[in-house]
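Student:
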Amino acid sequence: MSHFSSVLQISDLDDFITPSQECIKPVKIDRKINADTKIKIQDDGKYYQENEGVLEKLEKVQITLADCLACSGCITSAESVLITQQSQEELIKVFETNNKMKIENIDGTKCIVVSISIQAVLSLAIRYELSPNDCAAKLSTYFRKLGADIVVDMTIAEDLALLESQNEFIKRYRAATIDKVNNVLPMLASSCPGWVCYAEKTHGSYILPFISTTRSPQQIMGSLVKNWLNRNLDGREIYHITVMSCFDKKLEASREEFSSKETNSKEVDCVITAIELEQMLENDNISLNSLENSLFTEPWISNERCEVLPNLSKHVGSGSGGYADQIFKFAAKELFGMEIGNIEYKELRNHDFKEATLEQNGNILMKFAIANGFRNIQNLVQKLKRGKSPYHYVEVMACPSGCLNGGAQVRSKSNLTSKELTHQLEQLYYSLPTKSPEENKIVMKLYENWLEGNDSDKAISMLHTTYRAVEKSVNALNIKW
Amino acid sequence: MPDIITGEMSGSEFKLEAIQTLNQHTGRVWHVSWHPEGKMFASCGEDRAIRLWSMESKNQWVNKVVLTEGHKRTIRQVTWSPCGNFLASASFDGTTCIWDKKSGQFECNATLEGHENEVKSVSWAPNGKLLATCSRDKSVWIWELVDDEEYDCAAVLNAHSQDVKKVAWHPNSELLASCSYDNTVKLFQDDPREGDWTCQTSLEGHLSTVWSIQFDSTGERLASCSDDLTVKIWKQQEHEWKCAHTIEGFHNRTIYDLSWNSDGYLATACGDDGLRIFKEEACIETGSISYKLVAENRQAHTQDLNSVAWNPIDPQLLVTCSDDGELKVWHFK
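These protein sequence lines map, in sequence, to chains X and P. Using the numbering used here, read the first sequence as starting at 1 and increasing by one per residue. Using the numbering used here, read the second sequence as starting at 482 and increasing by one per residue.
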C-alpha cells in the first residue's frame, strides 16, 4: 500500500509496475568497460565484468527522487528511493555517525536541527494521550537523546508563509483589477506538495500561473535553517530534519528548487513523518509519555541560543495553516477597509468544499474557498478550465480535511474511523491559543535582520519558489487494452 | 457436440441463430449497448465513431446515426442512461462524453475530464443521477449530475492496484462494482460515517484479469468473467458477497464480456470467437447452484468477441460485436 496522497497515486507518481522495466530515464553510465570485456551474470543474479580474467562487480543504476520528479514517466522508484534517502534508517544512521564522531572528537560533526510541525505533534499527542505542549517537549527530549543539537518549532515558518501569501494576494488582486493582468486570480495555495506535484504533472502550464509562489512552511524552514541559522556555526554543516504529517513532504524536500547547487545540500535533508516516528519509538521500546520534558530552541534573533518551553498555537480557519482565513481578513482590510471578525464558511457539495464571501451593499467583493481532497481539486480545476470559477483565492490541500488528516499521521488505535480521528485532531488544534502572524516579533526581526526588508530580492529568493510543467511523453509500451 | 461448419451446438432444446450481420464500423468494434426501450442500440469502436442502430422492419436493424465529433481516440464503451435520454461514451483519449438530443439531434453536451489516461468503462446508476467511470490510471470515479447539466466529481476511488476494466451499478441500489487487471472485483458504497464513497468488499478468487461484471436484473447475483477462462457467480449471503458458483471448462480463451437477460439467461463473449448462453440450475437437495450451457456458437465471429448485450425488453434478442469489425444480432429461443 502506498503512503502518498491519492492525487499522487493517480498521477502515476506511484506506480509499482516493475520500475526497472518501465523507467525511461536515460542513465549516465561510467564507462569502465573496454571493448573486449565480457559481462557475466553470476548465480546470485549480480552482474560482473570480466577484464583480463579479473571479475569486478558492476554497480546498480541509481535513480534519485529528483530524477523522478523531473520526468514525465512513472516515479515508480519513488518509494524505494525514499526508503534509501528519507527513512528512519537513514536518520538513525546520521545520528549514530554524528554521535560517534563527537565522542571520538573527530572534526566535521554536523549540527543536527529538527523542525517540528504542529500537525505531527497533535497526531502523536493523541496517540500517547499527552497535551500538545507536553508532547512537543517530550519529542524534543527524544530527538536530543538521539543526538539532535537544536529542536525548533515550525510556527515561525508558518507565520512567514502566511505573511508572504497575504502580500502576494494583494499584489495579484491589484494586478488583476487595476492592470487587468490575466492568469493571476484565483490565487491557489502552494503549501501542499501533493497538489503542486499533481498540477505540474497533469495540468501543467494551465494551472501553474495561479499557484502562489510563496514557499510552504517546510521549505521556508529550510531556507531559514540553512541560510540564517548557519550564521554563527563557524561553517559547521547543518543536517536538517523536519517532522511532518504527510509523506508527500518528502517529495517536496527533494525538489531541485530546494537544494543548493554550490553546497550540493538540500534545505531539508530528511523528512520524517508522525507515523514513522511512532514506529521509531516502538522500535526503541520508548513510550513517549515516559520521557521528561525538555525545551525548544529559539535561535532566530539573539546570538545566544534561547531555550523556551514549547508553547504551541493555532491559526484560525483550518488545520492546514489557515491560509484562506488569514488572507481573507487581511485583504478585506487592505483592499476594502473592512474589519472582519469571524468568517462564515458555507459548506458546498461536501464538508471538504467551503466558501466564504465578502459582500458590501449586496455586491460581492471577494469569494474565497477551501477545497480539500482530490474530488474537490478535480471540481475546482474543471471550473477553472471552463472559466466558471467565481473565486479569488482557494486554499487547496490534497488530503480530505487538510493537513491534520495528512497521509502520514498515526493511525487510530481504538477503531475510530479516519473521520472521527480527524475530528479529535481538529478539536485539539482549535483548543490551542490563537496567535496572529503579524504579532510575531521574531518574524518582524527576521525581515529586518535576515531578509533585508520586505519584498527584497533576498526575501523573494528565501521565501518564494517556482514551478515547472512536466511534459507528457507517450510511451507506446504503456498502452494496454 | 458443436457442428463444425456453423459452430452451433446440436442436441439442445434451445436455438441460437444469427439474424443479421452489421459491418459499417471500420476496425475493432468494442462495445454495444441497448437503449432501455429496446428499439435501438449503440455501438462503438476503434474508428472513434458511435453508431446508433434502429429497427426498420422485423429483424432489420439499420444504422441511422453516426456520431464522430467527440473523441480523439478509440471509444471503448457506450452506455445508455436509464431514462434513455443520454448516452455516455468512454474513450482512450481520457475523457467521457455525455450525449443528448436536446437540440433535436445527438450532441456531446458535457465532457467528463479528470482521468489521467484511457477511460475503459462508464456506467449509469439506476437513478440516472450518478455515473461511474474507470481507467488505466487504476482509479474509479463517481460523478454526480448537478442542476441537470453539470457533472461534479463526487469521489475518486483508488482501491485497485492495476488498470480497472469495467464498472457496473447494482440495478436497484447505489452499490457500484468494478473489476480489474489486479484480478479482483470491488464493491463501493457511499459511507455516511466517512462522508465519502469507500470500498466495502474485495471479491477475490479469479486467477487473472477480470474483464467484465454485471448484476442480474434482480440484483441478487453478480457475474464476473476473466482471463482465467471462468465466470464466477457471486451472491449475497448474510450481507457478504460470496462466490456461489464458478463456470469453468467451457471457454478456451479470455472471456471479455457477459450479459444477463431478464429471464436469468447469461450470455458470454469470448476470445475464442464463441458466444455461449448459460442457465442457472438449483440442486434442491444440497441448496447449491450450477450453470448449464444451453446454447453455443463457437464461430459466432471470426475473431475475439468483445461485448454481448441482451435486449432489455425482448429476452430472445441479443447483439455481439467483435475484433472482426462486425456486429451480429442473434435470436435465442
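The beta-carbon is built from N, C-alpha and C at its ideal position, and this holds for glycine as well.
Please list, in chain order, the chain X residues whose beta carbon lies closer than 9 Å to that of P:Asp677.
Tutor: Translated into positions along the second sequence, residue 677 of chain P becomes position 196. Within 9 Å Cβ-Cβ: Asn350, Asp352, Gly373, Arg375, Pro400, Lys419.
Student: Do P:Ile500 and P:His812 come within 9 Å of each other at the CB atom, strictly closer than that value?
Tutor: Counting from one through the second sequence, the residue named residue 812 of chain P turns up at place 331. Counting from one through the second sequence, the residue named residue 500 of chain P turns up at place 19. Against a cut-off of 9 Å, the Cβ pair of P:Ile500 and P:His812 comes out as a contact.
Student: Could you give the uninterrupted runs of the alpha helix (DSSP H) lying entirely in the region 113–192 of chain X, keeping only those of 4 residues or more?
Tutor: Runs found: 118–127, 132–146, 155–177.
Student: Note down, in chain order, every chain X residue with its Cβ under 9 Å from the Cβ of P:Gly526.
Tutor: Locating residue 526 of chain P in the second sequence gives position 45, counting from the first residue. Per Cβ cutoff of 9 Å: no residues; P:Gly526 is ~12 Å from chain X at best.
Student: Name the two residues that bound the continuous beta strand (DSSP E) containing P:Gln717.
Tutor: To locate residue 717 of chain P, count along the second sequence from 1; it is residue 236. Looking at the DSSP string, the run of the beta strand (DSSP E) that includes P:Gln717 is 712–718.
Student: Check this for me: beta carbons of X:Ala157 and X:Met221, under 9 Å apart or not?
Tutor: Along the first sequence, one-based indexing puts residue 157 of chain X at 157. Along the first sequence, one-based indexing puts residue 221 of chain X at 221. Closer than 9 Å, so yes.
Student: Within 10 Å of its beta-carbon, does X:Val443 have 16 or more other beta-carbons around it, so buried, or fewer, so exposed?
Tutor: Here residue 443 of chain X corresponds to residue number 443 of the first sequence, with the count starting at 1. So X:Val443 counts as buried.
Student: Near X:Pro299, which residues of its chain fall below 8 Å by C-beta distance, leaving aside the five closest residues on each side in sequence?
Tutor: Position 299 of the first sequence, counted from the first residue, corresponds to residue 299 of chain X. The residues are Ile150, Val152, Leu229, Arg305, Cys306.
Student: According to DSSP, is P:Asn544 helix, strand or coil?
Tutor: Along the second sequence, one-based indexing puts residue 544 of chain P at 63. Reduced to three states, the DSSP call for P:Asn544 is strand.
Student: Measure the beta-carbon distance from X:Leu404 to X:Leu425 and round it to whole angstroms, keeping in mind my assumption that it falls under 8 Å.
Tutor: Along the first sequence, one-based indexing puts residue 404 of chain X at 404. Along the first sequence, one-based indexing puts residue 425 of chain X at 425. Yes, they are in contact, since the Cβ atoms of X:Leu404 and X:Leu425 sit about 4 Å apart, within 8 Å.
Student: With a threshold of 8 Å, are at least 3 pairs of Cβ atoms found where one atom belongs to the region 178–192 of chain X and the other to the region 392–401 of chain X?
Tutor: Yes, the region 178–192 of chain X is in contact with the region 392–401 of chain X.
Student: Would the region 589–599 of chain P and the region 565–578 of chain P be scored as touching if the rule is three or more Cβ pairs under 8 Å?
Tutor: Touching, per the Cβ criterion.
Student: Using 9 Å as the threshold, is the C-beta distance between X:Leu146 and X:Phe95 below it?
Tutor: The sequence position of residue 146 of chain X within the first sequence is 146, counting from 1. The sequence position of residue 95 of chain X within the first sequence is 95, counting from 1. Yes. Within cutoff.
Student: Any idea what DSSP makes of X:Cys246, helix, strand or coil?
Tutor: Taking the first residue of the first sequence as 1, we reach residue 246 of chain X at position 246. Coil at X:Cys246, not helix or strand.
Student: On a Cα-Cα basis, can you pick out the residue from X:Gly235, X:Gln85, X:Tyr48 that is closest to X:Lys110?
Tutor: For the purposes of this step, residue 110 of chain X is taken as residue 110 along the first sequence, with counting starting at 1. Of X:Gly235, X:Gln85, X:Tyr48, the residue nearest in Cα terms is X:Gly235.
Student: So does the region 354–367 of chain X actually touch the region 377–386 of chain X, counting three or more Cβ pairs closer than 8 Å?
Tutor: Output reads no: the region 377–386 of chain X does not touch the region 354–367 of chain X.
Student: With a cut-off of 9 Å, does the C-beta of X:Val381 fall near any C-beta of chain P?
Tutor: If you number the first sequence from 1, residue 381 of chain X lands on position 381. So, interface residue.
Student: In chain X, which residues lie with their C-beta within 7 Å of the C-beta of P:Ala635?
Tutor: Walking along the second sequence from the start, residue 635 of chain P turns up at place 154. Residues of chain X passing the Cβ test: Arg375.
Student: Below 7 Å between beta carbons is the criterion; list the residues of the region 587–606 of chain P that meet it against any residue of chain X, in chain order.
Tutor: Listed in sequence order: Glu594, Gly595, Glu597.
Student: Contact criterion: CB-CB distance below 9 Å. Does P:Val627 meet it with respect to chain A?
Tutor: Annotation note: the requested chain A is absent from the structure, which comprises protein chains X and P.
Student: Can you tell me whether X:Gly337 is buried or exposed, with buried defined as 16 or more other CB within 10 angstroms of its CB?
Tutor: Position 337 of the first sequence holds residue 337 of chain X. So X:Gly337 ends up on the exposed side.
Student: Bridge partners of P:Asp738, per DSSP?
Tutor: On the second sequence, residue 738 of chain P is found 257 positions in, with the first residue counted as 1. P:Asp738 is bridged to P:Ala750.
Student: In this structure, how does DSSP classify P:Ile728 when only helix, strand and coil are distinguished?
Tutor: Walking along the second sequence from the start, residue 728 of chain P turns up at place 247. Of the three classes helix, strand and coil, the one that applies to P:Ile728 here is strand, per DSSP.
Student: Three or more C-beta pairs closer than 8 Å, one from the region 123–139 of chain X and one from the region 281–296 of chain X: is that the case here?
Tutor: Yes, the region 123–139 of chain X touches the region 281–296 of chain X.
Student: Just the C-alpha distance for P:Glu550 and X:Gly322, rounded to the nearest angstrom, thanks.
Tutor: Against the second sequence, residue 550 of chain P aligns to sequence position 69. Against the first sequence, residue 322 of chain X aligns to sequence position 322. Their backbone Cα atoms lie some 45 Å apart in a straight line.
Student: Look at the alpha carbon of X:Val113 and the alpha carbon of X:Val225, and state the distance between them as a whole number of angstroms.
Tutor: By one-based count along the first sequence, residue 113 of chain X stands at place 113. By one-based count along the first sequence, residue 225 of chain X stands at place 225. Cα to Cα, X:Val113 sits roughly 8 Å from X:Val225.
Student: Below 7 Å on C-beta distance, what does P:Arg757 contact in chain X?
Tutor: Position 276 of the second sequence, counted from the first residue, corresponds to residue 757 of chain P. Result: empty, since nearest Cβ-Cβ is about 22 Å, beyond 7 Å.
Student: For X:Thr434, which residues from the same chain have a beta carbon less than 8 Å from its beta carbon, with the 5 sequence-adjacent residues on both sides left out?
Tutor: Within the first sequence, residue 434 of chain X is the residue found at index 434, counting from 1. Cβ within range, chain order: Ser313, Lys314, His315, Val316.
Student: Is X:Arg236 helix, strand or coil when you go by DSSP?
Tutor: Position 236 of the first sequence, counted from the first residue, corresponds to residue 236 of chain X. Three-state DSSP puts X:Arg236 in coil, outside helix and strand.
Student: For P:Asp448, which of P:Ser642, P:Ile556, P:Pro793 has the nearest alpha-carbon?
Tutor: The structure shown does not extend to residue 448 of chain P, since chain P spans only 482 to 814, so no value can be given for it.
Student: Among residues of its own chain, excluding the 5 on either side of X:Gln42, which ones have a beta-carbon nearer than 7 Å to its beta-carbon?
Tutor: As a working mapping, residue 42 of chain X is identified with position 42 in the first sequence. If we look at X:Gln42 and ignore the five residues flanking it on each side, its Cβ neighbours are Tyr48.
Student: Return the CA-CA distance between X:Pro26 and X:Lys57, expressed in angstroms with no decimal places.
Tutor: Working through the first sequence from its first residue, we reach residue 26 of chain X at position 26. Working through the first sequence from its first residue, we reach residue 57 of chain X at position 57. The predicted position of X:Pro26 is uncertain, since its pLDDT is 49 and thus under 50; a value taken from the coordinates is nonetheless stated next. Going from the Cα of X:Pro26 to the Cα of X:Lys57 covers about 21 Å.
Student: So is X:Asp107 buried or exposed if we call it buried at 16+ other beta carbons inside 10 Å?
Tutor: Position 107 of the first sequence, counted from the first residue, corresponds to residue 107 of chain X. Under this definition X:Asp107 is an exposed residue.
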